[in-house]
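**Student:** Residue numbers (this note's numbering): 208 to 308. One structure follows; several queries about it will come next.
Below is the structure:
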C-alpha cells in the first residue's frame, strides 16, 4: 500500500490533467508520510527509542498522514505520539538552536 501505490496510475499513456486533484494530493501525502515515517522509525530503532513524537503544521487536520505514520510505527512496534497545537514546534526548535550557539 505504500511506495508502489503512490502515483501508480500515472504513466506515459495517462493524461495527468484527467486525474482528480484529491487523488494526486492523497498520493503526495502518502509519499511524504512514508518517507517521514520510514526515517523516523529507522532512527528510533537505531537509538533504541520506543516512542516517536510527531509535530508540526503539516499534521493539523491531516488524518491520512497521521494514519500512515501510525501504521508505520505499529509495523515496527513503536508508539507514535502526536502533539496537540504543535504548529510552532519547528520555530521554537530553531530559536532554541540559535540561542545555544
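A virtual CB, placed ideally from N, CA and C, is assigned to each residue, including glycine. All figures in this text were calculated on a predicted structure; none of them were measured in a lab.
Could you pull out every unbroken beta strand (DSSP E) segment of at least 3 residues lying fully inside the segment 257-292, listed in chain order?
**Tutor:** 258-261, 286-289
**Student:** Name the two residues that bound the continuous alpha helix (DSSP H) containing residue 238.
**Tutor:** 228-253
**Student:** Give me the Cα-Cα distance between residue 273 and residue 266, rounded to the nearest whole angstrom.
**Tutor:** 7 angstroms
**Student:** Keeping to the same chain, check which residues put their C-beta closer than 8 angstroms to that of residue 296; ignore five residues upstream and five downstream.
**Tutor:** 262, 263, 290
**Student:** Tell me which same chain residues have a C-beta within less than 7 angstroms of the C-beta of residue 245, skipping the five on either side of it?
**Tutor:** 279
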